[in-house]
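Engineer: In order, the protein sequence lines correspond to chains A and B.
The first sequence begins at 1 in the numbering used here and counts up one residue at a time.
The second sequence begins at 82 in the numbering used here and counts up one residue at a time.
Glycine included, each C-beta is placed from N, C-alpha and C at the ideal position.
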Amino acid sequence: MKVRVLFFASSSEIVGCKEAETEIAEGATVGSFKRDLMLQYPDLLRLKNVLSIAVNTEFADDLRVLKAGDEIAFIPPVSGG
Amino acid sequence: MFKIVDAPIASDALYEEVLKDYNGAVVTFCGVVRDHSGETTTDFLVYDAYKKMAEKKMSEIGDQAKEKWNIEDVAILHRIGRLEIGEISVLIAVASPHRAEAFDACRFIIDKLKETVPIWKKEVGQNGEAWVEGPQAAFAGG
């Protein structure tokens, strides 16, 4: 199934794009999706303990099951203000 | 009003919005671009945001402040794009019948915004350019 992924700040520099559409397996979770991307882009491991994920503009924990059409955002520690 | 904007923000842009006949105090906070970070000189900043989530989170923080201090009038603007030294990056306005609530709520809002709202700044200066990362994850339950 297809999902949309958004990368912000340092995460977008690491993967080299700001957004992408990608295919994931049924039953994939936020945690499994994050692990897969960290395998693909090992530089993301630097963010491992401080990265937050949002699904459809709401923060989500690792157990959240993803659905077709979800918008998944990679959110490094924020620095607005 | 809780908005991400890309045009310059005037320091009084939210004053009329929060001023109501029942309010006796208006507190505004301006976050401003400064010319250094630690020992490093900053030439300018570039802000980026996850716009629709940032506006939603700013609105939620506004609701928390309204409930906590029993006030009605809160507004936040945050600018994105390239900002020069001295320009306003964030403007918060809080009005309340008495001053204590407005001061406390304004402080609460800027502190929460800096911890959880998906906005980032990139510093560009003598050491090149780099995205700034806050001290902790935006979401504690991750």
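1) Give me the subset of the stretch 192-206 of chain B whose CB atoms are less than 8 Å from a CB atom of chain A, sorted by chain position.
2) With a CB to CB cut of under 6 Å and the five nearest residues on each side skipped, what residues in its chain are close to Lys174 (chain B)?
3) By DSSP's criteria, Leu158 (chain B) is part of a beta bridge. Which residues make up the other side?
4) Could you spell out where the alpha helix (DSSP H) holding Leu194 (chain B) opens and where it closes?
5) Classify Lys48 (chain B) as helix, strand or coil using the three-state DSSP reduction.
6) So, does the stretch 176-189 of chain B touch the stretch 128-138 of chain B, judging by three or more C-beta pairs under 8 Å?
7) Let me confirm a value: Val113 (chain B) is counted as buried when at least 16 other C-beta atoms fall within 10 Å, else exposed. Which label applies?
8) With burial defined as no fewer than 16 other Cβ atoms inside 10 Å of the residue's Cβ, what is the status of Glu196 (chain B): buried or exposed?
9) Counting Cβ pairs closer than 8 Å, one from the stretch 40-59 of chain A and one from the stretch 117-127 of chain B, do we hit at least three?
10) State whether the stretch 1-18 of chain A contacts the stretch 58-69 of chain A, with contact taken as three or more CB pairs (one from each stretch) at a distance under 8 Å.
11) In angstroms, rounded to a whole number, what distance separates the CA positions of Glu21 (chain A) and Ala73 (chain A)?
12) Where do the ends of the alpha helix (DSSP H) carrying Lys34 (chain A) lie?
13) Is the distance from the Cβ of Arg64 (chain A) to the Cβ of Val55 (chain A) below 8 Å?
14) Provide the residue(s) that pair with Glu23 (chain A) in DSSP beta bridges, ordered along the chain.
15) Less than 8 Å between the beta carbons of Leu39 (chain A) and Ile75 (chain A), yes or no?
16) Residues of chain B with CB under 8 Å from Ser52 (chain A), in chain order?
17) Give the interface partners of Ile14 (chain A) over in chain B, defined as CB-CB distance under 8 Å, in chain order.
Structural biologist: Once the coordinates are examined:
1) Listed by position, the residues of the stretch 192-206 of chain B near chain A (Cβ gap below 8 Å) are Leu194, Lys195, Glu196, Thr197, Val198, Pro199, Ile200, Trp201, Lys202 and Lys203.
2) Taking the first residue of the second sequence as 1, we reach residue 174 (chain B) at position 93. With the sequence shown as reference, residue 174 (chain B) is identified as Ala, and Lys is not the correct amino acid for it. Cβ neighbours of Ala174 (chain B) beyond the five flanking positions: Leu95, Val99, Thr109 and Ala156.
3) In the second sequence, residue 158 (chain B) corresponds to position 77, counting from 1. Its beta-bridge partners are B:Lys84 and B:Leu172.
4) Translated into the one-based positions of the second sequence, residue 194 (chain B) becomes position 113. Here the alpha helix (DSSP H) through Leu194 (chain B) covers Arg180 to Thr197.
5) The shown model of chain B, from 82 to 223, leaves out residue 48 (chain B), and the question about it has no answer.
6) no
7) One-based indexing of the second sequence puts residue 113 (chain B) at position 32. Taking all protein chains in view, the Cβ of Val113 (chain B) is surrounded by fewer than 16 other Cβ atoms within 10 Å, so the residue is classified as exposed.
8) Within the second sequence, numbered from 1, the residue matching residue 196 (chain B) stands at position 115. Buried, since its Cβ has 16 or more Cβ neighbours within 10 Å.
9) no
10) yes
11) In the first sequence, counting from the first residue as 1, residue 21 (chain A) sits at position 21. In the first sequence, counting from the first residue as 1, residue 73 (chain A) sits at position 73. Rounded to the nearest angstrom, the two C-alpha atoms are 12 Å apart.
12) The sequence position of residue 34 (chain A) within the first sequence is 34, counting from 1. Where Lys34 (chain A) is concerned, the enclosing alpha helix (DSSP H) stretches over Val30 to Gln40.
13) Walking along the first sequence from the start, residue 64 (chain A) turns up at place 64. Walking along the first sequence from the start, residue 55 (chain A) turns up at place 55. In contact: Arg64 (chain A) and Val55 (chain A) (Cβ atoms closer than 8 Å).
14) Translated into positions along the first sequence, residue 23 (chain A) becomes position 23. DSSP output for Glu23 (chain A) lists A:Lys2 as bridge partner(s).
15) As a position in the first sequence, residue 39 (chain A) is number 39, starting the count at 1. As a position in the first sequence, residue 75 (chain A) is number 75, starting the count at 1. Not closer than 8 Å, so no.
16) As a working mapping, residue 52 (chain A) is identified with position 52 in the first sequence. Here the neighbours are Ala218, Ala219, Phe220 and Gly223.
17) Position 14 of the first sequence, counting from 1, holds the residue named residue 14 (chain A). Neighbours of Ile14 (chain A) on chain B: none; closest Cβ ~10 Å, over 8 Å.
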